[in-house]
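Chains as they are written, first to last, in the numbering used here: chain A, 2 to 386; chain B, 24 to 425.
Structure first, then comments.
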């Protein structure tokens, strides 16, 4: 592609800002199904009805609906070996990692395994595994009659550690507990790992499992904030490298992450103007970092989840910085309140649409938590000709 | 790249809260181990822990309401407060600067989740649990507690890399400052003592009955413990401009993953992590004056760690001691407590001891564990080891400020 043609094809500009990452493949599993296809229409407004996951669990759920992958069996996809004791979230995460490696065509061998790392986002790891452990100390004959084989599941870095074992990756291995803003934090952390030379390639993504504990937590926080979105789950993992290195090698990535910025503020409750100003500053930083103008943003994927105070504050910040021309899409309407998985699924929706034939475009992805954290990503799709 | 220094420390631990109390306890070789009071230990064969019995968050926190946060978040925020006070920097400066936090943890707010679970048993389901409790479960809140307490508006990152998480957090904060992303960072970690993890370590066979005796022939395991570790990081120029007292410079860190087993450490990978840390810090093994060990006191960890030290340092490695012998294993805060101990060792020229040591292990590569009594020694370069479930190794190198 010539420079002029590239310019014409990429309305978000063609520059590679310092530290930008390229996505060379991805794997996604969510309530809608496995792989990108079920998410391809989400940006165009396609909504799939939530499932009824009640029969998966002995504990009651707060409501019948959930964006859960009810038929998921890790064994079906990854075989029997080493999968018997994995919890649901670990299964989802391992599958997404495996799919991502295959999608990127990344061959792991002794020459590169020390330079490929894993960074996965979570909220609390598997809430169910930890909670079940606490429960067993009360319900078993003795308080220590817990299953030692399940102990690693109850610790929060289980998915990243198991993924390293399964894929043979010896590079930096981290778990970022960022809740709904985890994906932005993961990519900012990933920029640092690659930019400072700790790794060449990362499996970067987020995971959240559906469980009664997750569903009740979603219900409690949604209700307190005036929303009623059903819970969701998923795992989305992206193979990322330095965008400059990928370009230098002559490869065309699926997309480039031009900026990953984060912030933290008191939630908007008492002082919404201050929160909005902070959010706006974070958006400005991201645009500056990406070296793009607000009018180049084609579509905004918001963190909107039906919580009026947060939705309103986010909208005002976007109005102020990006303007109101670019269409806004709240992906959570389609994937549910999916905790840490949200940001990964949001990014996967963008890539899924692109893979299904959408024009190249500059996307702004924003996310926020009811505890006050904010994340902003600027993503340019369409680099694969 | 800017150079990065530690100009404030905030330990919250079973052997002391605050820089002075903690340093005094390390020098005295004090034990913080006592019978667990945080949960009902009836039916548990082993009941000792390293709890911070006298922790009163209200003494330290001014903005956070203690009842809205879990114990680990309160440890994190209190440790951060102490570190900032120790650094002597104004809150107004922090609130307007590019300042953030990165806190490590093993179990996050699973103490809250445990309370939720217990209430669900009593109430016949999760629907009977007070909904506001669920809000406190997210582990992201550990770093958010720090940012909201101190009005920091940049990164709030919680790294849940299990028992080396504080070293990862310290490393990330160091990178964010040296690359110019942040001007100030509070780093460290926090965890609390809980019933479920006490049970889990017991069933793994990793729990000691009474004392933690790292590197001893008769060591029998860890003592579960808790607390918070806070370290205040800024650029060297910033500290000089403020006229701040500097404990140590962060020279670099290394990290890798065993990718071998979730709970069994691997010697070759641990040794490689040490080499990575040395390379990134621009030092040779012979430059290291003191190793603050991971030193959990389990059969496997100490054997693996001593072996890896021998592989990297040769037959006469520098003194290596475990502060876990005094504090117990503070999990996600552990390497933060180690980093604070190492910073104090550099500043005050002493080596913290490994207490409870009586007999060298003939099966183990020879080490000098600084047995039982602190030692006067000049420390120019210290290495802090951190290993974890999931094969998450991270090693930080600190140096005397020049």
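C-beta atoms are modelled at their ideal positions from N, C-alpha and C, and glycine is treated no differently.
Counting along the chain, the unbroken alpha helix (DSSP H) around residue 186 of chain A starts and ends at 183 to 196.
With respect to the 9 Å criterion, residue 259 of chain B and residue 173 of chain B are not classified as neighbours on the basis of their beta carbons. Cβ-Cβ distances below 6 Å link residue 190 of chain B to 358, 409, 417 and 419 in the same chain, with the five nearest sequence neighbours on each side left out; the list follows chain order. For residue 248 of chain B, not one C-beta of chain A is nearer than 9 Å to its own C-beta.
Around the C-beta of residue 221 of chain B, 16 or more other C-beta atoms lie within 10 Å, and the residue is accordingly described as buried. Contact annotation for residue 138 of chain A against chain B: 218, 219 and 222 [CB-CB distance below 8 Å, chain order].
Close CB contacts of residue 365 of chain B within its chain, under the 6 Å cut and outside five residues either way in sequence, are with 315, 405, 407 and 421 (chain order). At a cut-off of 9 Å between C-beta atoms, residue 143 of chain A counts as an interface residue with respect to chain B.
Rounded to the nearest whole angstrom, the C-alpha separation of residue 151 of chain A and residue 89 of chain A is 12 Å. Following the DSSP letters along the chain, one finds residue 99 of chain A inside the alpha helix (DSSP H) bounded by residues 89 to 105. Rounded to the nearest whole angstrom, the CA to CA distance from residue 371 of chain A to residue 124 of chain A is 13 Å. Under the 8 Å Cβ criterion, the stretch 22 to 29 of chain A counts as touching the stretch 230 to 248 of chain A, having at least three qualifying pairs.
The beta carbon of residue 296 of chain A is closer than 8 Å to those of 324 and 326 in its chain, skipping five residues each way along the sequence.
C-alpha of residue 46 of chain B to C-alpha of residue 367 of chain B: approximately 7 Å in a straight line.
In chain A, no part has a C-beta under 7 Å from the C-beta of residue 308 of chain B; the shortest such distance is about 20 Å. The stretch 117 to 129 of chain B and the stretch 178 to 190 of chain B touch, with no fewer than 3 CB-CB distances between them shorter than 8 Å. Its chain contains 303, 304 and 420 as the residues whose beta carbon lies nearer than 6 Å to that of residue 275 of chain B, once the 5 sequence neighbours on both sides are disregarded; these appear in chain order.
Annotation: residue 239 of chain B is outside any alpha helix (DSSP H) and is labelled neither H nor E by DSSP. Chain A places no beta carbon closer than 9 Å to that of residue 274 of chain B, leaving this residue out of the contacts. DSSP, reduced to helix, strand and coil, places residue 361 of chain B within a helical segment of the structure shown. With a cutoff of 9 Å on beta-carbon distance, residue 159 of chain B and residue 137 of chain B are scored as not near each other. Residue 138 of chain B carries a helical assignment under DSSP once its states are collapsed to helix, strand and coil.
Of the residues assessed, residue 86 of chain A falls on the exposed side of the cut-off, its CB having fewer than 16 other CB atoms within 10 angstroms. The DSSP assignment places 333 to 336 and 342 to 356 as complete runs of the alpha helix (DSSP H) inside the stretch 319 to 381 of chain A, in order along the chain (cut-off: 4 residues). Beta-bridge partners of residue 242 of chain A (DSSP): A/23 and A/202.
If you look at residue 406 of chain B, you'll find it in the beta strand (DSSP E) that goes 404 to 409.
Secondary structure of residue 305 of chain A (DSSP, three-state): coil.
Of the residues assessed, residue 300 of chain A falls on the buried side of the cut-off, its CB having 16 or more other CB atoms within 10 angstroms. The beta carbon of residue 387 of chain B sits no closer than 9 Å to any beta carbon of chain A.
With the rule of 3 Cβ pairs closer than 8 Å, the stretch 290 to 303 of chain B does not count as touching the stretch 200 to 220 of chain B. Taking a Cβ-Cβ cut-off of 8 Å, the neighbours of residue 213 of chain A in chain B comprise 149, given in sequence order. By the Cβ rule, the stretch 384 to 392 of chain B counts as touching the stretch 318 to 330 of chain B, because three or more pairs are nearer than 8 Å.
Chain order gives the chain B residues near residue 163 of chain A as 285 and 413, where near means a beta carbon separation below 9 Å. Around the beta-carbon of residue 68 of chain A, 16 or more other beta-carbon atoms lie within 10 Å, marking it buried. At a Cβ-Cβ threshold of 9 Å, residue 352 of chain A and residue 366 of chain A do not count as neighbours.
By the C-beta density criterion, residue 63 of chain B is exposed, having fewer than 16 other C-beta atoms within 10 angstroms.
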